[in-house]
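Student: Take a look at the following structure, please.
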Amino acid sequence: MKNVMLCAGMLLLAGSLTARADEPREQTYRIGADVDVTGHVTATQVEQDVPASVAAMLTSAVKQWQFTSATRNGQPVPAHTFIYAKLQALPNAGGQYELHISFAGNGPKFDRAVRQPQQYPREAVHRRQTAFVFINATVQPDGRLADMTVNSQFAEWPVPASFKDASLKIARTWHFIPEQVDGQPVATQVRIPINFTMSGQILTPEQVKILREAARKKDAVANAEADQPGIPLPSEQEVALDSPLQPSAVATIISAP
């Protein structure tokens, strides 16, 4: 049965992700997780649009991971978080694929169903400018963002005020599903990257160098690219900075054909 599930997962990945034969395929999933007082995952909630065979593999992997227990008044308590699991199908020397499921973070859940497209600053459109920023904010227990600040993702790449204003405007419309501790929603600090890119954008040689160096340092070449081939873009995955549940044992799960 394990082999059947693995093959189904490989076929689904091959069909749903854009890649040439013998290239890695990957996708990141958000999985709700109930964690008990010992830090073990006791139940998971995979999004409904995920195929059943893939959901079963993700659930099996996530339940092998462990967290440092959440606490309240110094006592361990159950908690709920959302885990980001990266599913990769990697070609091997035999022409087949190995399946890797790795931990990519946890925190509150960004409700992407209500996410509105950000508005590109008008003057930036005329100048064909691009920008990579992040918003530091607090996800409040009601899911809204507070205490928002905007900064460049790269210290050597200043962000015009128009991009900062556009970031704050769209962030005020966002909603998160907060994490819970002992059944109660809690506030969490998050960092949310935003990539402002457009067709025909103009990058300076220094900006191209910054993007390639950032990808090299992270040891991750993004599948998405700018108009100029081979220039990787930063990830747009949000990161929780102070989740009440911190991972303690999240080794990558590997299944071979």
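Counting with mature numbering (1 follows the signal peptide of the UniProt record, and there is no 0), you get residues -21 to -1, 1 to 236 for the letters of the sequence shown.
Glycine residues also receive a C-beta, built at the ideal position from the N, C-alpha and C atoms.
Beta strand (DSSP E) containing Leu124: first to last residue?
Tutor: Position 145 of the sequence shown, counting from 1, holds the residue named residue 124. 124 to 131 is the span of the beta strand (DSSP E), which, as asked, contains Leu124.
Student: Mind checking whether Gly11 and Phe82 have CB atoms under 8 Å apart?
Tutor: For this step, residue 11 is matched to residue 32 along the sequence shown. For this step, residue 82 is matched to residue 103 along the sequence shown. At least 8 Å separates the beta-carbon of Gly11 from that of Phe82.
Student: As a quick exercise: from Leu66, Met177, Pro120, pick the residue whose alpha carbon is nearest that of Val29.
Tutor: Residue mapping note: residue 29 aligns to position 50 of the sequence shown, counting from 1. Ranking Leu66, Met177, Pro120 by Cα distance to Val29 puts Leu66 first.
Student: Would Ala116 pass as a contact of Ala145 if the rule is Cβ separation under 8 Å?
Tutor: In the sequence shown, residue 116 corresponds to position 137, counting from 1. In the sequence shown, residue 145 corresponds to position 166, counting from 1. Not closer than 8 Å, so no.
Student: Bridge partners of Lys65, per DSSP?
Tutor: Taking the first residue of the sequence shown as 1, we reach residue 65 at position 86. Lys65 pairs with Thr7, Ser81.
Student: Buried or exposed: where does Leu78 fall if 16 or more other Cβ atoms within 10 Å of its Cβ makes it buried?
Tutor: As a first step, residue 78 must be located in the sequence shown, where it is residue number 99. That one is buried.
Student: Just to check my reading of the structure: Ala110 and Val129 have Cβ atoms closer than 8 Å, yes? What is that Cβ distance to the nearest angstrom?
Tutor: Translated into the one-based positions of the sequence shown, residue 110 becomes position 131. Translated into the one-based positions of the sequence shown, residue 129 becomes position 150. Rounded, the Cβ-Cβ distance is 10 Å, inconsistent with contact.
Student: Of all the options Ile232, Pro157, Ala228, Ser234, which has the alpha carbon lying nearest to the alpha carbon of Gln45?
Tutor: As a position in the sequence shown, residue 45 is number 66, starting the count at 1. Considering only alpha carbons, the answer is Ala228.
Student: Report all residues from its chain with a CB closer than 6 Å to the CB of Ile173; omit the five preceding and five following residues, and keep chain order.
Tutor: To locate residue 173, count along the sequence shown from 1; it is residue 194. The answer, listed in chain order, is Val112, Ser146.
Student: Rounded to the nearest angstrom, what separates Arg107 and Phe142 at their Cα positions?
Tutor: For the purposes of this step, residue 107 is identified with residue 128 of the sequence shown, where counting begins at 1. For the purposes of this step, residue 142 is identified with residue 163 of the sequence shown, where counting begins at 1. Between Arg107 and Phe142, the C-alpha separation is close to 13 Å.
Student: In its own chain, which residues sit with a C-beta less than 8 Å from the C-beta of Val165, not counting the 5 before and 5 after it?
Tutor: Within the sequence shown, numbered from 1, the residue matching residue 165 stands at position 186. The answer, listed in chain order, is Pro120, Pro157, Glu158, Gln159, Pro223.
Student: Among Pro70, Ile171, Arg4, Pro57, which residue has its Cα nearest to the Cα of His154?
Tutor: Numbered from 1 along the sequence shown, position 175 holds the residue referred to as residue 154. Taking each of Pro70, Ile171, Arg4, Pro57 in turn and checking the Cα distance to His154, the smallest one comes out for Ile171.
Student: Report the partner residues of Val112 according to the DSSP bridge assignment.
Tutor: Your numbering for residue 112 matches position 133 in the sequence shown. Note: Val112 sits in a beta bridge opposite Ser131, Ile173.
Student: Could you give the first and the last residue of the continuous alpha helix (DSSP H) run that contains Ser227?
Tutor: The residue given as residue 227 occupies position 248 in the sequence shown. No alpha helix (DSSP H) holds Ser227; the beta strand (DSSP E) holding it covers 225 to 228.
Student: Find the nearest neighbour of Ala22 within the set Leu190, Ala58, Arg51, Thr47, judged by alpha-carbon distance.
Tutor: Within the sequence shown, residue 22 is the residue found at index 43, counting from 1. Comparing Cα positions, the closest option is Ala58.
Student: Quick check on Ile233: does DSSP put it in helix, strand or coil?
Tutor: Counted from its first residue, the sequence shown places residue 233 at position 254. For Ile233, the secondary structure class from DSSP, reduced to helix, strand or coil, is strand.
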